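Structure first, commentary second.
Numbering (my numbering), first residue to last: 3 to 282.
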């Protein structure tokens, strides 16, 4: 019997998905082996997470959901990409009804990473959030989608604003000569703005509108920053972290401007709608 057939038989056994995650997490294993385990895990999730004929057991699903977020922010990037895709597929199927612990866990980890601050961990967490929420930008607008987004916003809207303000301050306080830390802060800012866009793409959330001056203040600082030292680079250099962060910020501002121009009403507003105007 070939290896592929053995793996196909093993897939239906209890604990197989957890075993793949254990291999992906094993720091002593070669990176190629860890990446292969993550790829196989992603494919098992794609094929069997919602399959009625060869389903993953409920116990395995709960174990995977309990370990996946913490795992994917602690593995190398090549492994993380595969686990991120798997997490996105699982969240699309189970979140939030069958995965109520995900948002509290994500917000808690963001708070812990911000208190240090651990920019590498923050980036991994924000990229994870973006992978989960990016599909909201293109989904058909429905009550189900808006209810899900309201649930996410209830957990994330305030921490995201606080985190973005902290990252702007950290970026401004970093010496221009420290290109590595400046680049890390900019990458986190870019990911935070990406998440902001994910959650504002369907309707302008009331919290974002109420705190628009704070958001726009952060955007202004980022767009007005004149790079110096190692961040400045040469005119012929490819776009760096600052240019990428500024490009995402401009994209977010364009979204706001389009919504202001259309005067879009919020779905089921909780208070009278006031005219939305960017504060600059």
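Each residue gets a CB set at the ideal place from its N, CA and C atoms; glycine is no exception. As the structure is a computational prediction, the values presented were derived from the model and not from experiment.
Closest in C-alpha terms to residue 10, from the list 43, 30 and 203, comes 43. Shortest Cα-Cα distance from residue 176 to any of 126, 119 and 215 involves 119.
In this structure, residue 187 sits near residue 172, with a CB-CB distance shorter than 8 Å. Restricted to the segment 178-249, the alpha helix (DSSP H) segments that are unbroken, complete and at least 4 residues in length are 181-202, 208-212 and 214-226, listed in chain order. In the structure shown, residue 61 adopts helical secondary structure according to DSSP, grouped into three states. With a 10 Å radius around the Cβ and a threshold of 16 neighbouring Cβ atoms, residue 33 comes out exposed. With fewer than three CB-CB distances shorter than 8 Å, the segment 101-119 does not count as touching the segment 137-152. In this structure, the alpha-carbon of residue 129 lies about 34 Å from that of residue 5.
In the DSSP assignment, residue 110 falls within the alpha helix (DSSP H) that extends over 104-117. Per DSSP, reduced to three states, the secondary structure at residue 55 is coil, with no helix or strand assignment.
With a threshold of 16 other beta carbon atoms within 10 Å, residue 36 meets it and is buried.
Using a Cβ-Cβ distance cut-off of 8 Å, the segment 78-86 and the segment 155-172 are not in contact, since fewer than three pairs of beta carbons, one from each stretch, lie closer than that value. In this chain, the alpha helix (DSSP H) harbouring residue 160 covers 145-175. The alpha-carbon of residue 210 is positioned some 8 Å away from that of residue 217. The alpha-carbon separation between residue 201 and residue 254 amounts to approximately 11 Å.
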